[in-house]
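Visitor:
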Amino acid sequence: NAGVTQTPKFQVLKTGQSMTLQCAQDMNHEYMSWYRQDPGMGLRLIHYSVGAGITDQGEVPNGYNVSRSTTEDFPLRLLSAAPSQTSVYFCASSRDGQVREQYFGPGTRLTVT
Amino acid sequence: GQQVMQIPQYQHVQEGEDFTTYCDSSTTLSNIQWYKQRPGGHPVFLIQLVKSGEVKKQKRLTFQFGEAKKNSSLHITATQTTDVGTYFCAGPRGGAQKLVFGQGTRLTINP
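Here the protein sequences line up with chains A and B, keeping their order. According to our numbering, the first sequence is numbered sequentially starting from 1. According to our numbering, the second sequence is numbered sequentially starting from 114.
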């Protein structure tokens with residue numbers, strides 16, 4: 001199993017550009033989530049999904065969209081990038097609809113200029 | 114705002130010294146999880162505590178969950194250079210469908 005994969009590893013965007021961060025898992029996990037990590041702030045939940053077709057907002061959802069059309073994939077869309085979205089983004093999954101042991105992907109380092 | 118507070122934010126120790134990080138929640142937690150993130154890496158799950166007063170050990174690491182299930186600690190005995198990294202606690206919110214992380218404690222070690 002590859003576990004949780006994320007692409008790209010690094011990305012530089014200009015203010016106002018849009019892009020999609022990809023996340024996939026091959027463990028048949030129901031629960032998937034997106035976090036951003038900023039210095040001194042820990043990991044903050046952006047959006048999560050408890051199963052295909054179901055998504056909900058986390059602590060910091062503004063400026064981001066998600067969808068969950070399959071169990072495996074959970075892409076994160078930045079609609080109009082802003083410098084405040086410069087961060088490291090982690091995707092995670094866990095076995096079922098409750099928050100259990102999270103398996104994290106390797107992360108995407110995003111810089112918005 | 115942050116609902117799970119973790120202290121200290123940074124800790125530097127000599128190799129062989131002990132290390133402890135503390136986690137406090139404003140509300141009772143159904144469980145608490147601990148993660149380790151190596152520099153440049155991603156968080157990796159260490160353990161989950163569920164019961165009031167629970168104590169679990171993993172080699173030199175000892176995890177405790179408070180009697181009121183509002184605080185937790187991670188203690189490392191005789192640190193080694195492989196222990197370097199940031200340690201996070203995390204607790205569920207929103208009907209156990211959201212995980213809220215503490216700010217983390219970054220551990221550095223002088224060999």
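Where is the CB? At the ideal position from N, CA and C, for every residue including glycine.
So, with DSSP's three-state summary, where would you put T195/B?
Guide: Helix.
Visitor: I need the boundaries of the beta strand (DSSP E) containing G51/A, first residue and last residue.
Guide: From DSSP, the beta strand (DSSP E) with G51/A extends over 42-51.
Visitor: Cβ closer than 7 Å: which chain A residues qualify as neighbours of H155/B?
Guide: Within 7 Å Cβ-Cβ: F90, F104, G105, P106, G107.
Visitor: Rounding to the nearest angstrom, what Cα-Cα distance links I46/A and N62/A in this structure?
Guide: Rounded to the nearest angstrom, the two C-alpha atoms are 8 Å apart.
Visitor: Do T113/A and T15/A have their beta-carbon atoms positioned less than 8 Å apart in this structure?
Guide: The answer is yes: Cβ separation under 8 Å.
Visitor: Of the residues Q193/B, G217/B, T194/B, which one's Cα is nearest the Cα of S185/B?
Guide: For the residues Q193/B, G217/B, T194/B, the minimum Cα distance to S185/B belongs to G217/B.
Visitor: Could you tell me which whole beta strand (DSSP E) segments of length 3 or greater appear in the segment 123-200 of chain B?
Guide: Within the segment 123-200 of chain B, the complete beta strand (DSSP E) runs of at least 3 residues are 123-127, 132-138, 145-150, 156-162, 168-171, 174-178, 184-189.
Visitor: Can we say the segment 39-59 of chain A touches the segment 15-26 of chain A, given the rule of at least three CB pairs closer than 8 Å?
Guide: No, the segment 39-59 of chain A does not touch the segment 15-26 of chain A.
Visitor: Helix, strand or coil for P205/B per DSSP?
Guide: In the structure shown, P205/B sits in a strand (DSSP, three-state: E or B).
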